[in-house]
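Protein chains in written order, with the numbering used here: chain P, 77 to 375; chain E, 77 to 375.
Glycine residues also receive a C-beta, built at the ideal position from the N, C-alpha and C atoms.
Okay, structure first, notes after.
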């Protein structure tokens, strides 16, 4: 493509912000949308075009990336009053990067295409640090024309773009399985570190050694550090996993997912205890309280 | 040390075999002990000294590495009739590489030292492939004299030797936490792959993509491949995790370990269904059967 597309990013949370900044770094004119004034100011300071209004941002965009929190919000920004689809020009590519029920991803893609647009079912993974550096992984499904038109934008935000099929749904299915593992691994990291503290192990040493052993996971490395430091500043919040593991258990229906159910119960209990907006590693504080011990960062 | 020590390895299972072969490769004279005739023949063919009898193997050894299956067996080969401690010369270093209750590791080390020997509480991790190449990780605790005398042997079998303290127990504590994570991660991999199959995902693709995402774990990469290939040849068996997660829940006592309990219940159920000696990834077949689907390698 000789001319770079114009992008819009709807939702400048931790992942959307990283995507928007990565688009700017690639020289792509980018419209950013959020409801938070301070975030819009910060985005303008980075050289982006800031909008409080979805339809304004989407009017001139070639590629619209949706980074809102859940499927309901995605449906609302796409098709609600002042929504993106009605405002966009024909042929615009909509990339839904939100973790949602695969069945909903299929439905939204069909409605986007029925409106004369192109759709990519494209949830992302990698965490906020990799989002910032344009090194996310995208689990994507959609037609070849959509990928062709969105290529420059996807390459700007991700080092791995998996094309999982022509039809929407496969991206959200793989993301759902990823979230099953991620949620169980966070809860397992919390259980491991809390039991380690209970039996008197030094948590920093435990965190270091396990990362060289077969018990390691991406989440143990990442969230384990939050537990060692007692830092529960939310990169991804407890309530995200109440949502995502709820999608897993809901879509699994009668299929057995006992570990997902056990982890979901912990995230729900942590949320009910007032930790819903803390970092998801806060399930460790829940387990510590139940076990009668004190972790770093606990009063 | 100008002169290399003589080593004995008791138990030539997947990890012990790898350790014994790595010792030979380092030029260390190594006595191997096993009850299986074919394994002893294979070890002799590699240049080792094969013994069916523990006391014969330990009489001339400077360092004895114990790689039997569990704490009961370790106690038996150390202190039972024809045991290693009675046969060894004063000052021999005994390295217990077996996963066992931390309290038992402390007890064995105290009895080893009371007999005039040196003790290292040194469980290992890394899997059979890394054992074969001398790249295990050792979680070790013991006195400086013991580490000095065993150094050449430990360096021959491991790329990482963590010294976790002067007193026995810390090694087994860290290993127990590692097994908590490993067991939960194997069960989570089984749950993820089985749900993926249920919703129609290609398992090879799912396994590849997740390894680039935040849902990855060492076990998902390693055991997930067994599930994709339908190969349940035991590298580490279901019954090992019945034992190891049983240690976790037993030592945790009243401290909450809900994910360990959920995973343990799955391994127990798989063992009761006749899969105890299959690869631990066989919990996937249990979940598949419960969910009414067929994985690769299932009839």
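Show which residues of chain P have a CB atom less than 7 angstroms away from the CB atom of residue 236 (chain E).
288
Can you find a C-beta in chain P that's less than 8 angstroms from the C-beta of residue 311 (chain E)?
no
Closer than 9 angstroms by beta-carbon distance: list the chain P residues that pair up with residue 294 (chain E), in chain order.
289, 290, 291, 292 and 293
So for residue 239 (chain E), helix, strand or coil by DSSP?
strand
Per DSSP, what kind of secondary structure is residue 124 (chain P) in: helix, strand or coil?
coil
Per the DSSP calculation, residue 172 (chain E) is bridged to which residue(s)?
E:142 and E:197
Is residue 260 (chain P) close to chain E? Criterion is C-beta to C-beta, closer than 8 angstroms.
yes
Would residue 266 (chain P) be called buried (16 or more neighbouring beta carbons within 10 Å of its own) or exposed?
buried
What are the residues of the region 334–356 of chain E that lie near chain P, defined by any Cβ-Cβ distance shorter than 9 angstroms?
334, 335, 336, 337, 338, 339, 341 and 342
With DSSP as the reference, label residue 91 (chain E) as helix, strand or coil.
helix
Short of 6 angstroms in beta carbon distance, which residues of its chain neighbour residue 246 (chain P), apart from the five on each side in sequence? Order them along the chain.
217 and 240
CB-CB under 6 angstroms to residue 138 (chain P), same chain, minus the five flanking residues each way: which ones, in chain order?
81 and 82
For residue 347 (chain P), three-class secondary structure by DSSP
helix
Closer than 8 angstroms, CB to CB, is residue 332 (chain E) near chain P or not?
yes
Name the chain P residues whose beta carbon is nearer than 7 angstroms to that of residue 203 (chain E)?
290
Beta carbon proximity, residue 374 (chain P) to chain E, threshold 8 angstroms
no
Chain P contact residues for residue 249 (chain E), given Cβ-Cβ distances below 7 angstroms
275 and 277
Measuring alpha carbon to alpha carbon, tell me which of P:123, P:319, P:205 and P:196 ends up nearest residue 259 (chain P).
P:319
For residue 316 (chain P) versus residue 356 (chain P), is the C-beta distance shorter than 8 angstroms?
yes
Is there at least one Cβ from chain E nearer than 8 angstroms to residue 282 (chain P)'s Cβ?
yes
Can you tell me which of the three DSSP states residue 275 (chain E) falls into?
coil
Pick from P:329, P:332, P:359 and P:289 that is closest to residue 341 (chain P), judged by C-alpha positions
P:359
Hey, does residue 253 (chain E) have any beta-carbon neighbour from chain P nearer than 8 angstroms?
yes
For residue 309 (chain E), count the other beta carbons within 10 Å of its own beta carbon; 16 or more makes it buried, fewer makes it exposed. Which is it?
exposed
Does the distance from the C-beta atom of residue 170 (chain P) to that of residue 214 (chain P) stay below 8 angstroms?
no
Please confirm if residue 319 (chain P) has its CB atom under 8 angstroms from at least one CB of chain E.
no
Jot down the residue ranges of each uninterrupted alpha helix (DSSP H) in the region 288–323 of chain E, minimum 4 residues, whole runs only, in chain order.
294–305
With a threshold of 16 other CB atoms inside 10 Å of the CB of residue 330 (chain P), please say whether the residue is buried or exposed.
exposed
Between which two residues does the alpha helix (DSSP H) carrying residue 365 (chain P) extend?
359–367
Given a threshold of 16 other Cβ atoms within 10 Å of its Cβ, counted over all protein chains shown, does residue 295 (chain E) qualify as buried or as exposed?
buried
Run through DSSP, which three-state label would residue 215 (chain P) get?
strand
Which value, in whole angstroms, describes the spacing of the CA atoms of residue 371 (chain E) and residue 261 (chain P)?
23 angstroms
Pull up the distance between the alpha-carbon of residue 282 (chain E) and that of residue 146 (chain E), whole angstroms please.
35 angstroms
Please state if the CB of residue 244 (chain P) and the CB of residue 182 (chain P) are separated by a distance shorter than 8 angstroms.
yes
Checking contacts by CB at 8 angstroms: is residue 79 (chain P) closer than that to chain E?
no
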